[in-house]
Amino acid sequence: MKRYSIVFSLVAILFMLLSLTAKAETSLSDIYISVTDAKSAIQDKDEKAFDKHFKEIKDNWQSTNKKDHKLVKKIDQDIEKVEKTTSQKDRESALNTLTSDLIDYEKVLNPVDKQKKRDQLQNEMQPLIKNITKAISDKDFEKAKTINNQLNATWTKNEKIVREEDIGRYGQVETALMFTRIELTKDKVDASSAQMQVDQLKKELDDYHAGKKSDAKTSDQDVNILNEHLDTAIKNIKNDNLAKSKQALQQFIIAWPNVESEISTRNGALYTKIEQKIPQYAGQLDEDNKDDIGSQLETLNQEIKSTISKTSYTFWDAALILLREGVEALLIIMALLTVTRKSEQTKASKWIITGSVIGIVLSIALAFIFKAIFENLGSTRELTEGLVGIGSVILMIIVGIWLHSKSSLDSWQNFINKNMDKAMSTGSIVTFGLVAFLSVFREGAETIIFYLGIVGKISTWSLILGIIVASVILALIAIFFNQITKWIPIHRLFFIMSLFIFILAFKILGVSIHTLQILNIVPQHTINHLPFIDLIGFYPTYETLIPQLALVILVVIYYAMSKKK
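Position one of the sequence shown corresponds to residue 32 (this note's numbering), numbered consecutively onward.
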């Protein structure tokens with residue numbers, strides 16, 4: 032009966048999930064980002080990731096201060112349609128409709144005088160185009176480069192209105208600007224080719240100012256197309272086919288406007304670097320600098336992969352955390368119950384169960400407190416998740432060492448005796464309950480800290496499944512405690528779990544540092560030729576690899592020293 036009471040108590044741990052779905056402060060920009068992530072999940076056929084991002088869309092929309100307008104009802108219907116659709120094509124179509132309606136609604140919230148904006152763009156760009164045309168005609172290419180930089184800065188300041196009104200035209204202007212930059216960065220500038228690109232730029236801007244819609248077809252390309260073009264460019268550089276390498280870079284530039292938002296919303300510094308460097312590489316690539324540019328392209332390729340990577344934690348990661356913490360608390364409780372059963376102290380057994388339940392309840396309460404804190408973090412939430420992740424790694428190292436210290440039979444027996452002595456020393460049955468409470472609450476607090484380190488990168492479903500799996504395993508351990516300990520000695524179980532906890536610490540450390548890199552808080556120096564291994568949180572950068580290597584060395588040294596003892 033006592034074991035089944037423990038099983039019942041373990042079920043309560045499931046409610047900890049509710050405390051871990053923190054939400055960031057809301058704006059329409061948050062919804063746009065979630066829509067983009069949801070589209071990526073559809074293309075990747077990642078149902079769990081889609082569910083996570085769709086929930087973000089719903090939650091953010093519900094939290095938005097809405098204006099009384101017919102578009103609000105339309106957006107509600109769009110979201111409902113996305114929820115009801117199941118096929119990839121229908122979901123993408125529904126999300127595109129939602130995006131369009133959100134853009135229209137944002138215009139209602141922030142009305143813009145479109146013609147005034149068109150005039151402003153034309154008045155600022157045309158004098159620069161006139162000046163660059165003269166500079167090219169005079170073959171003063173250094174001056175043309177300077178004016179071209181002014182053109183790009185002016186365009187960046189005004190591009191939003193074009194992107195919102197006519198995405199096709201936006202892409203054509205972006206492409207013309209980049210191709211102009213390519214021509215002007217060549218060692219031997221061809222004046223006629225450079226002027227041809229400037230003329231194309233002028234035509235696109237004139238057509239936009241006149242209100243002509245672009246007939247260019249836009250497509251929802253996968254951001255991975257950038258890596259494909261760079262892979263082709265790098266491969267052809269190595270094969271000494273520079274013409275094909277330049278073609279691949281030009282294809283990169285053509286694809287760029289369709290996917291640039293995937294980069295700009297995640298890594299603004301990388302976005303700027305791509306816009307500046309790719310046209311430069313395409314224009315300057317030759318036999319003398321091919322090795323250097325090839326190396327630079329490999330670095331850029333790795334940075335793009337790092338930025339768009341969708342590393343997440345699996346349900347096994349979530350299960351392992353709860354399982355590790357739960358086993359320790361469970362073993363202490365089972366040991367206490369064994370003593371009270373042998374001494375026939377029924378009341379003491381009840382106090383143990385009561386203390387365990389109170390420990391679980393207070394752990395859940397603590398989780399809700401952390402949830403409230405996370406809800407108020409807003410835009411700093413990712414930063415906090417990265418820092419908490421690193422903090423949880425430090426705690427995991429301590430826990431892993433503790434687990435390993437109990438992996439010998441003598442150490443385990445001493446640990447149990449210590450807890451028994453603590454409960455028996457006062458002679459009070461209440462002390463049994465207190466020891467049980469402290470054991471459960473301590474492990475519950477550690478569990479929450481560990482989950483806070485991964486909650487931003489695990490789907491709700493994976494978190495639920497992980498908690499369910501761990502709870503079921505803990506329940507089975509409680510029910511079949513005597514039989515299990517005959518097959519696997521408890522001290523051996525601690526040894527196995529110490530290994531798993533160190534492996535998980537390796538992953539969390541990599542993911543957390545990578546998060547700080549994306550936020551441009553930690554620098555990113557890539558190591559070419561090393562692969563990305565999302566499953567274990569391995570990123571080929573010096574900033575992630577050195578701490579992970581230090582962790583591995585620390586663990587190896589510790590195990591070696593422990594073995595000698």
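Idealized CB from N, CA, C, for every residue including glycine. Computed from a prediction, not measured in an experiment: that's the story for all the values here.
Reduced DSSP category for residue i - H, G, I as helix; E, B as strand; rest coil
i, result
"Ile567", "helix"
"Thr95", "coil"
"Thr575", "helix"
"Thr185", "helix"
"Thr117", "coil"
"Thr345", "coil"
"Ala591", "helix"
"Ala581", "helix"
"Val586", "helix"
"Ile44", "Summary for Ile44: the model assigns pLDDT 46, below 50, so the residue's position carries little reliability, and this model does not support an answer."
"Glu56", "Note that Glu56 scores a pLDDT of 35, beneath 50, so its modelled location is shaky; the value from the coordinates is reported in the next line. Coil at Glu56, not helix or strand."
Residue environment, residue i, which counts as buried when at least 16 other CB atoms sit within 10 Å
i, result
"His545", "buried"
"Glu111", "exposed"
"Asp317", "exposed"
"Ser438", "Bear in mind that the predicted position of Ser438 carries a pLDDT of just 46, short of 50, making it unreliable; the figure below should be weighed with that in mind. With 16 or more Cβ atoms within 10 Å of its Cβ, Ser438 is classed as buried."
"Val542", "buried"
"Asp171", "exposed"
"Tyr570", "buried"
"Met209", "buried"
"Leu49", "In this prediction, Leu49 has a pLDDT of 38, which is less than 50 and means its spatial position is unreliable; nothing more can be read from the coordinates."
"Asp99", "exposed"
"Phe472", "buried"
"Arg372", "exposed"
"Ala274", "exposed"
"Leu168", "Residue identity check: residue 168 is Ser in the sequence provided, not Leu. Looking at its Cβ environment, which holds fewer than 16 other Cβ atoms inside 10 Å, Ser168 is exposed."
"Met365", "buried"
"Ala396", "exposed"
"Trp518", "exposed"
"Glu196", "buried"
"Asp598", "The question about residue 598 has no answer here: the residues shown for the chain are numbered 32 through 596."
"Leu566", "exposed"
"Tyr573", "exposed"
"Leu41", "For Leu41, the predicted structure reports a pLDDT of 46, less than 50, and the residue's modelled location is therefore unreliable. A value from the coordinates is still provided. With 16 or more Cβ atoms within 10 Å of its Cβ, Leu41 is classed as buried."
"Gln548", "buried"
"Asp121", "exposed"
"Val587", "exposed"
"Ala313", "buried"
"Gly568", "buried"
"Ser387", "buried"
Spatially closest choice to residue i from the options, by CA coordinates
i, options, result
"Ile552", "Gly299, Tyr590, Leu561 and Tyr201", "Gly299"
"Tyr183", "Val204, Arg194 and Gln93", "At residue 183 the sequence reads Asn, which differs from the Tyr that was named. Ranking Val204, Arg194 and Gln93 by Cα distance to Asn183 puts Val204 first."
"Ser223", "Gln281, Leu576, Thr116 and Thr164", "Thr164"
"Asp253", "Ser71, Lys517 and Thr572", "Ser71"
"Lys83", "Asn91, Ala69 and Gln93", "Ala69"
"Asn179", "Met156, Lys191 and Arg200", "Met156"
"Lys277", "Glu306, Gln311 and Asn255", "Gln311"
"Ala581", "Ala536, His240 and Ile558", "Ala536"
"Asp90", "Tyr63, Asp75, Val388 and Lys76", "Tyr63"
"Lys147", "Leu301, Tyr239 and Tyr573", "Tyr239"
"Ile73", "Ser60, Ser124 and Asn96", "Ser124"
"Phe481", "Val583, Leu507, Gly202 and Ala350", "Ala350"
"Asn332", "Ile391, Leu393, Asn255 and Asp322", "Asn255"
"Met227", "Lys219, Gly242, Asp348 and Thr211", "Thr211"
"Ile213", "Asp75, Phe85 and Lys308", "Lys308"
"Val583", "Leu540, Thr478, Leu547 and His560", "Leu540"
"Val139", "Leu59, Asn270, Leu301 and Asp322", "Leu59"
"Glu329", "Lys266, Ser245 and Ala591", "Lys266"
"Asp271", "Val220, His260, Gly325 and Glu306", "Gly325"
"Phe468", "Gly497, Ile485, Trp492 and Leu393", "Leu393"
"Thr67", "Thr116, Ser292, Ile564 and Ala279", "Ser292"
Any chain D beta carbon closer than 7 Å to residue i
i, result
"His545", "Within the model displayed, chain D is absent; a lone protein chain is all it includes."
Inspect the CB distances between the segment 333-341 and the segment 233-246 and report whether three or more fall short of 8 Å.
no
Please confirm if the segment 271-289 is in contact with the segment 350-364, defined as three or more CB-CB distances below 8 Å between the two stretches.
no
At a cut of 8 Å, does the segment 130-146 reach the segment 89-108 through at least three beta carbon pairs?
yes
4 or more residues per run - each alpha helix (DSSP H) lying fully within the segment 140-209
145-168 and 172-196
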